[in-house]
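Each remark here refers to the structure printed beneath this line.
Number of protein chains: 4
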Amino acid sequence: MTTPQFKQLRRSYGFDEVALVPGDVTINPDQTNPDFKIEDHTFSIPILASAMDAVVDVDFAILMSKMGGLAVLHLEGVQTRYENPAEVLAEIAGASNDKVTALLQKIYSAPIKENLIGDRVRAIKKGGGVCAASVVPTNTKKFAPLVVEAGGDILVVQSTVTTARHISKSLRGLIFPELIETLSIPVVVGNCVSYGACLDLMRTGVHGVLIGVGPGAACTSREVLGMGVPQITATIDCAAAREQYFKESGRYVPIVTDGGFRKGGDVCKALAAGADAVMIGSVFAQAKEAPGHGYHWGMSHPHPALPRGTRIKVGTTAPLEQILFGPTSVTNGSQNLVGAIRTAMGFCGASTIREMQQAEMVIAPSITTEGKSWQMAQQ
Amino acid sequence: MTTPQFKQLRRSYGFDEVALVPGDVTINPDQTNPDFKIEDHTFSIPILASAMDAVVDVDFAILMSKMGGLAVLHLEGVQTRYENPAEVLAEIAGASNDKVTALLQKIYSAPIKENLIGDRVRAIKKGGGVCAASVVPTNTKKFAPLVVEAGGDILVVQSTVTTARHISKSLRGLIFPELIETLSIPVVVGNCVSYGACLDLMRTGVHGVLIGVGPGAACTSREVLGMGVPQITATIDCAAAREQYFKESGRYVPIVTDGGFRKGGDVCKALAAGADAVMIGSVFAQAKEAPGHGYHWGMSHPHPALPRGTRIKVGTTAPLEQILFGPTSVTNGSQNLVGAIRTAMGFCGASTIREMQQAEMVIAPSITTEGKSWQMAQQ
Amino acid sequence: MTTPQFKQLRRSYGFDEVALVPGDVTINPDQTNPDFKIEDHTFSIPILASAMDAVVDVDFAILMSKMGGLAVLHLEGVQTRYENPAEVLAEIAGASNDKVTALLQKIYSAPIKENLIGDRVRAIKKGGGVCAASVVPTNTKKFAPLVVEAGGDILVVQSTVTTARHISKSLRGLIFPELIETLSIPVVVGNCVSYGACLDLMRTGVHGVLIGVGPGAACTSREVLGMGVPQITATIDCAAAREQYFKESGRYVPIVTDGGFRKGGDVCKALAAGADAVMIGSVFAQAKEAPGHGYHWGMSHPHPALPRGTRIKVGTTAPLEQILFGPTSVTNGSQNLVGAIRTAMGFCGASTIREMQQAEMVIAPSITTEGKSWQMAQQ
Amino acid sequence: MTTPQFKQLRRSYGFDEVALVPGDVTINPDQTNPDFKIEDHTFSIPILASAMDAVVDVDFAILMSKMGGLAVLHLEGVQTRYENPAEVLAEIAGASNDKVTALLQKIYSAPIKENLIGDRVRAIKKGGGVCAASVVPTNTKKFAPLVVEAGGDILVVQSTVTTARHISKSLRGLIFPELIETLSIPVVVGNCVSYGACLDLMRTGVHGVLIGVGPGAACTSREVLGMGVPQITATIDCAAAREQYFKESGRYVPIVTDGGFRKGGDVCKALAAGADAVMIGSVFAQAKEAPGHGYHWGMSHPHPALPRGTRIKVGTTAPLEQILFGPTSVTNGSQNLVGAIRTAMGFCGASTIREMQQAEMVIAPSITTEGKSWQMAQQ
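If you're matching them up, the sequences are chains R, P, V and A in order. Going left to right, the first sequence walks through residues 1 to 379 as our numbering numbers them. Going left to right, the second sequence walks through residues 380 to 758 as our numbering numbers them. Going left to right, the third sequence walks through residues 759 to 1137 as our numbering numbers them. Going left to right, the fourth sequence walks through residues 1138 to 1516 as our numbering numbers them.
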């Protein structure tokens, strides 16, 4: 008896499962141009810093702008719940592993002080930074005007899963076309992972989409909810949505692969999978200038009833500039990310990110411990 | 020379190999309804407790009913072999690892006292619980009437593999249509894993089917017999049988994925694979109220000649209510299972389990240790 | 530019990658008949003991016959090089790991004493055993007549890879049709792993074929030569050859899957893949009666220039009878192999091995450590 | 909504994922001929030693020629930067793990002394060796004439990725057809991994192509750049290019699989995948005569800004002759590589490497630790 199909399962892929194939043409790395645009803002490197409390504070955002990238400040974390977030961050860093989830649940239950929203935005602008600030969909109608008023440049509306069509019996939900019409600044929305959800979001008029739900194999959204699409597949699928939307509207909406990056190679693969830029968390939490004191935690970790995530010790390895541009004596790919992007672009014969999106990739065996101690690169 | 095909092998999948894809529409978790029906009984949560001695005794069954779920009492374990099963359970918990298989073989060779069958059923009913009790096929004709007589609500006929067509030269076997006709209560049968076997069982008139043989990669039925189908594939195939049977008969027979669950994500995946409910063992053996004292063992472990299974130490982690509904500070998915179901349903845009069965899943890389220490969820 | 195909690679499968699917019909285990035939010899269990010095000596061969199976004595190991092999076997067991390869190389360089061939065969016959004896192809013309003359029942011609068409510029090679014509006893030949090689061998008139080259993922033939086909695929392909040959000749030539078995489940899978019987080494080396003193080594391990294999400590676990028939308190599948075969046949609804060859199998995730500590069988 | 394909990913394979299938015909190993040609040079074994400082110096190159193979001297490593490279090599061997990358960066920043190029070439020729010397593309026009003038036999132009079409705005790049026309000796170029890039290179007139970018799963080019194709797939694809070029030009250009070899089995698989020869680094770094003192490092490890690779301790195991020809008591495949090639050729019925390229391979489960302790080869 043949079994009828109740459900088809597609194979999906993460960073560790693919590899870039060099091109038939190569190009000098110093002739590549990896820049990235959100509406009128052009960034010289295609890298964003995640809206996470262990990564971005006011000073880090200013520094990131100087480096040519963009940091996103989370407006519903410690920065807007506390006058002096540095104290609170030190307390988190000092907590023991078994107590930190409860501590985070407590810290993040403090109310948001609306006046601090404008203060943080103004501080970033005053420091010369481009200010991107993130809010969750439920609070967008309330907080977005405060961001604009204070001079914010880009609004990020972000939750674990955001769709253009959210059903709620409570208050009338967030309608993206309305939001965009009322705001004078670009709106980046996320996260999503599928063709349909990404295309829906683009059709609402947003100016960028964040890609990634439960990125990485060990994200606890995978454990707690069973949910998540590995980043290579998510990026490929959402890149298809971008192309489709570009064909039907003539408007090019960039996608930013968000989360799961551990090394330069992961970044290069995301771009080759179709990303216009990447959003990085834990690697930047290692920067000397990161507010997390060598620790990192997810923003859904503090959920009062169903916490997802773990605080991890990432350590402090180098200044942000060295992580981005080197030089380095570290050979594990965690430093000189931009050098890695340019070198990979050169090997793939790509002079722009748009060309890099066309690079060939193969599904390749994942890394094994045995191999690790025995293989090496040739010049 | 091309090799002719002697046999085709289909790829099958377990919980750790798949992941849910968020929907294009999302819904508020508090607007989801995860209820589950067996004939006239409606349960507010789609969760059953396994008919295993380390999980369900009379008190646990009553508690499980209060929580909105359903516990199944095993009528051929210690509960009906001993007047005072608590003593025996304490003895098992106290045994050393190298002696426990022999001890279990001895304990389970004591005869079943038929009078205890009625006693246990009545005790559950007296406590206000819905009483589901399980027997093996060979003893069904003898014990089923005792269950009905004592006021039992649901009969579960369960063995490792149960088919509608069992061949035996000895006594005339169990005929399900006859059984169902003579009984006044619903009959749930299992276990099976294939389209054909499940459809056969449904055609006999049973009111529910348990899915799962050797669930999980390390079940010792896999080692001892080489037998077992991973739960996602088993559920998908049996869901196809349910749809086929519904089409041909108009009768909707629920399927319950039984075994192999370690965390909320596994439960969400089983539902998305097509299950109407799940049956959980080891996670409930961790409940403060579980009779196993923090240990767990399979019911075919005590087989006198060919034991299959191991007693494992699961520990005691929390009251059943917290395991089911939270709140929790544990981030590994082992607590707040119902919260996880509702959140996942929300992300998939499913307002009922029937809609959740339509959620998209992908085959996704399994969890690696390396990844575990480096990934994290974003809000 | 599309890449033309220089070479196609087929996916192959080993024991740990597949699982049996229960049938739509089940049968009582005690109504199954797992017998196995080589020409006029019928064995009540489909199990052979490997022609390896750590497994089979005269006494073990006699015992194996009493149990209903068949042991094969290696005529080119210590049994025919030494008057008193027990002494030599004790010396091997006593050697340290770093010296044992060199010791084996020395021990196996002693000349074969032709008179011992007849002595060993006669001793097995005198003890009431069916005598199967193995030689390598190069020595077959010289030794086979000695086996027949001494009363041997079955000749096994075995090397790592044996084909019907071996090219050699030296002496005229072994021609199987000629050999078979001149001998009065059945000839079993091996090893091979592919459809073509197996079909070729059957067409020479042999009475059985051994399947398996480098079985198991870690066989050192895989490391040293890169050679080997996992046993499930090898068995499926050679079963196709058996069916083809049966169709064209009307003669049924059994195939015996040889090597790589660690537990009862592996045996059940080999039969479901199409084997008529299995040949077991290391699990039998664990028997109280095995000559290897709890150690095991391959017969190509002592190769003077290119040794392949390792001596492993398997330990001594139980008498052979218990390994074959139980009862047991061991739950890892290494004991009661025949009980496992009968139970699996019952679950698959197979009353004979020929029917068992039709059982369905799926490709199923391999065993993980994480899973191992958390899964368990249900009765 | 069906997801349109933005990008297709092909599955690729490495050494550990495939296995050779014995042929339907076998041949005596001593009747196989594994020789290998580059233009007029015939080598009796199809093995090259990598152009790496830990592997090849003048003496090693002479010895390799005596053994019948070919060593390639790196003209831009310590051999041409230092009058006395042995001192520098000893310093590298003596450095601690945390300081070695910085030390290598410093050592390799010393200028190349052009007079040493001729000196090293002449020393190899004087010792009776065939002299192959490697340069990077940028320095080829400057250094190649020095190699020829000093009597070098073969020029190797090698970088991580080399294409026939390199785009650079700086000086006019290296044009291979021009180079080949001006030189009187054969030119081998690499590395590449794809059909298109390999075919392009062959069409420029080169006399051999090196295959392999980031070979092995753990090569740090994979981590740092995300780049690399596993060697079996790279070899199969480039073998297709060789066949295509042979068809269109009548000229047979050999391909050499370069890197990632750990044992004899890997070498046999590369040949069966279509290689004409293999280039080995780390296994030769283990030779008593290797200049690396039991250490090994990649030639892109010392990159000043983006180092890729690690220095690994490989130890010193045996003289080169024993690694190549045995005899050995080591069973892990790291010694008697030529014996392994001949034995595998015999099992595959291949009398030449050209025939060995036709051997069948299967995708086979990778090696697991569990299996390792339990499997063994049969003679």
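Glycine included, C-beta positions come from ideal geometry on N, C-alpha and C.
Among A:E1251, A:G1402, A:G1214, nearest to Q1242 (chain A) - alpha-carbon criterion: Your numbering for residue 1242 (chain A) matches position 105 in the fourth sequence. That would be A:G1214, whose Cα lies nearest to the Cα of Q1242 (chain A).
Beta-carbon contacts of S563 (chain P) that lie in its chain and below 8 angstroms, excluding the five residues immediately before and after: Reading the second sequence from its first residue, position 184 is the one you call residue 563 (chain P). So the qualifying residues of the chain are V527.
DSSP beta-bridge partners of F36 (chain R): For the purposes of this step, residue 36 (chain R) is taken as the residue at position 36 of the first sequence. Per DSSP, R:F43.
A272 (chain R) versus H207 (chain R): straight-line alpha-carbon distance, rounded: Counting from one through the first sequence, the residue named residue 272 (chain R) turns up at place 272. Counting from one through the first sequence, the residue named residue 207 (chain R) turns up at place 207. Rounded to whole angstroms, A272 (chain R) to H207 (chain R) spans 21 angstroms at the Cα level.
Members of the region 1077-1104 of chain V near chain P, C-beta cut-off 8 angstroms: Against chain P - using a Cβ distance shorter than 8 angstroms - the residues of the region 1077-1104 of chain V are G1084, P1085, T1086, S1087, V1088, T1089, N1090, G1091, N1094, G1097, A1098, T1101, A1102.
Inter-residue spacing [alpha-carbon to alpha-carbon] between V88 (chain R) and H74 (chain R): Indexing the first sequence from 1 puts residue 88 (chain R) at position 88. Indexing the first sequence from 1 puts residue 74 (chain R) at position 74. Cα to Cα, the separation comes out at about 15 angstroms.
Under 8 angstroms from the C-beta of Q1242 (chain A): neighbouring residues of chain R: Counting from one through the fourth sequence, the residue named residue 1242 (chain A) turns up at place 105. Result: S329.
Beta carbon of F794 (chain V) nearer than 7 angstroms to that of P804 (chain V): Counting from 1 along the third sequence, the entry for residue 794 (chain V) is found at position 36. Counting from 1 along the third sequence, the entry for residue 804 (chain V) is found at position 46. Going by C-beta atoms, F794 (chain V) is nearer than 7 angstroms to P804 (chain V).
Closest by C-alpha distance to G653 (chain P), when choosing among P:Q610, P:P670, P:F663: Translated into the one-based positions of the second sequence, residue 653 (chain P) becomes position 274. Sorting P:Q610, P:P670, P:F663 by C-alpha distance to the C-alpha of G653 (chain P) places P:Q610 at the top.
Proximal chain P residues relative to M202 (chain R), where beta-carbon distance stays under 8 angstroms: On the first sequence, residue 202 (chain R) is found 202 positions in, with the first residue counted as 1. None at all; the shortest Cβ gap to chain P is about 12 angstroms.
Alpha-carbon spacing of G1452 (chain A) relative to A318 (chain R), whole angstroms: Reading the fourth sequence from its first residue, position 315 is the one you call residue 1452 (chain A). Reading the first sequence from its first residue, position 318 is the one you call residue 318 (chain R). Roughly 33 angstroms between the two C-alpha positions.
Beta-carbon gap between A240 (chain R) and F1280 (chain A) smaller than 7 angstroms: Along the first sequence, read from residue 1 onward, the residue named residue 240 (chain R) stands at position 240. Along the fourth sequence, read from residue 1 onward, the residue named residue 1280 (chain A) stands at position 143. In this structure, F1280 (chain A) does not lie closer than 7 angstroms to A240 (chain R) by Cβ.
Cβ-Cβ separation, V1209 (chain A) to V1193 (chain A) (assumed contact under 8 angstroms), whole Å: If you number the fourth sequence from 1, residue 1193 (chain A) lands on position 56. If you number the fourth sequence from 1, residue 1209 (chain A) lands on position 72. About 6 angstroms; that satisfies the 8 angstroms criterion.
Span separating the alpha-carbon of Q1204 (chain A) from that of D1395 (chain A): Here residue 1204 (chain A) corresponds to residue number 67 of the fourth sequence, with the count starting at 1. Here residue 1395 (chain A) corresponds to residue number 258 of the fourth sequence, with the count starting at 1. It should be noted that the sequence gives Met, not Gln, for residue 1204 (chain A). Cα to Cα, the separation comes out at about 19 angstroms.
Which listed residue (R:V135, R:P137, R:R120, R:C198) has its alpha carbon closest to that of G129 (chain R): Taking the first sequence and counting its residues from 1, one reaches residue 129 (chain R) at position 129. Ranking the options by Cα distance to G129 (chain R), first place goes to R:R120.
For R1147 (chain A), the three-state DSSP class (helix, strand or coil): For the purposes of this step, residue 1147 (chain A) is identified with residue 10 of the fourth sequence, where counting begins at 1. Strand at R1147 (chain A).
C-beta neighbour in chain A for D276 (chain R), strict 7 angstroms: Counting from one through the first sequence, the residue named residue 276 (chain R) turns up at place 276. No, because no Cβ of chain A sits closer than 7 angstroms to the Cβ of D276 (chain R).
A1102 (chain V) beta carbon less than 7 angstroms from that of L604 (chain P): Counting from one through the second sequence, the residue named residue 604 (chain P) turns up at place 225. Counting from one through the third sequence, the residue named residue 1102 (chain V) turns up at place 344. Yes, these two residues count as a Cβ contact at 7 angstroms.
Minimum Cβ-Cβ distance from T636 (chain P) to chain R less than 7 angstroms: Numbered from its first residue, the second sequence carries residue 636 (chain P) at position 257. Cβ-Cβ to chain R under 7 angstroms: no for T636 (chain P).
Chain A contact for N28 (chain R) (CB, 7 angstroms cutoff): Looking up residue 28 (chain R) in the first sequence gives position 28. N28 (chain R) belongs to the set of residues whose beta carbon lies under 7 angstroms from a beta carbon in chain A.
Residues of its chain near A1287 (chain A), where Cβ-Cβ distance is below 6 angstroms and the 5 sequence neighbours each way are ignored: Residue numbering aside, residue 1287 (chain A) sits at position 150 when the fourth sequence is read from its first letter. Closer than 6 angstroms at the Cβ level, and outside the excluded window around A1287 (chain A), lie G1255, V1258, R1259.
Where M1498 (chain A) meets chain V, residues with beta-carbon distance less than 8 angstroms: The residue given as residue 1498 (chain A) occupies position 361 in the fourth sequence. Within 8 angstroms Cβ-Cβ: K765, L767.
Span separating the alpha-carbon of Y840 (chain V) from that of I850 (chain V): Position 82 of the third sequence holds residue 840 (chain V). Position 92 of the third sequence holds residue 850 (chain V). Each residue's Cα considered, the two are about 14 angstroms apart.
Proximity below 7 angstroms, CB of S808 (chain V) to CB of G1039 (chain V): As a first step, residue 808 (chain V) is located in the third sequence; it is residue number 50 there, counting from the start. As a first step, residue 1039 (chain V) is located in the third sequence; it is residue number 281 there, counting from the start. A contact, by the Cβ cut-off of 7 angstroms.
G677 (chain P) beta carbon near the ligand FAD (any heavy atom closer than 6 angstroms): Questions concerning the ligand FAD fall outside what the structure shown contains, since it holds no ligand whatsoever.
Within 7 angstroms, strictly: CB atoms of P1314 (chain A) and T1341 (chain A): Translated into the one-based positions of the fourth sequence, residue 1314 (chain A) becomes position 177. Translated into the one-based positions of the fourth sequence, residue 1341 (chain A) becomes position 204. In this structure, T1341 (chain A) lies closer than 7 angstroms to P1314 (chain A) by Cβ.
Neighbourhood of M356 (chain R) by C-beta distance below 7 angstroms, restricted to the same chain and skipping five residues each side: The count along the first sequence starts at 1 and reaches residue 356 (chain R) at position 356. So the list reads L271, A272, M345, C348, A350, once near-sequence residues are dropped.
For S708 (chain P) and A848 (chain V), the rounded distance between their alpha carbons: Counting from 1 along the third sequence, the entry for residue 848 (chain V) is found at position 90. Counting from 1 along the second sequence, the entry for residue 708 (chain P) is found at position 329. C-alpha separation (whole angstroms): 59 angstroms.
Partners in chain R for Q410 (chain P), counting only beta-carbon separations shorter than 8 angstroms: Mapped onto the second sequence, residue 410 (chain P) falls at position 31. Those are I167, S168, K169, listed as they occur along chain R.
Neighbourhood of Y1432 (chain A) by C-beta, 8 angstroms cutoff - its chain only, sequence neighbours within 5 removed: As a first step, residue 1432 (chain A) must be located in the fourth sequence, where it is residue number 295. Around Y1432 (chain A): A1191, I1229, A1230, A1422, R1448, I1449, K1450, V1451.
Alpha carbon of A1496 (chain A) to alpha carbon of E602 (chain P), nearest angstrom: Counting from 1 along the fourth sequence, the entry for residue 1496 (chain A) is found at position 359. Counting from 1 along the second sequence, the entry for residue 602 (chain P) is found at position 223. If I take the Cα positions, the gap works out to 35 angstroms.
Under 7 angstroms from the C-beta of A955 (chain V): neighbouring residues of chain A: Taking the third sequence and counting its residues from 1, one reaches residue 955 (chain V) at position 197. At a beta-carbon threshold of 7 angstroms, the residues of chain A lying near A955 (chain V) are P1159, D1161, ordered along the chain.
Under the three-state DSSP convention, the category C1329 (chain A) falls into: Stepping through the fourth sequence from its first residue, residue 1329 (chain A) is reached at position 192. Annotated three-state conformation of C1329 (chain A) is strand, per DSSP.
Closest Cα partner of C617 (chain P) within the set P:G506, P:V588, P:P706: Along the second sequence, read from residue 1 onward, the residue named residue 617 (chain P) stands at position 238. For C617 (chain P), the closest alpha carbon among the candidates P:G506, P:V588, P:P706 is that of P:V588.
CB contact below 7 angstroms: K269 (chain R) versus chain A: Locating residue 269 (chain R) in the first sequence gives position 269, where the first residue counts as 1. Answer yes: the Cβ-Cβ gap between K269 (chain R) and chain A drops below 7 angstroms somewhere.
L454 (chain P) - containing alpha helix (DSSP H), residue span: Against the second sequence, residue 454 (chain P) aligns to sequence position 75. It is not in any alpha helix (DSSP H) - L454 (chain P) carries neither H nor E in the DSSP assignment.
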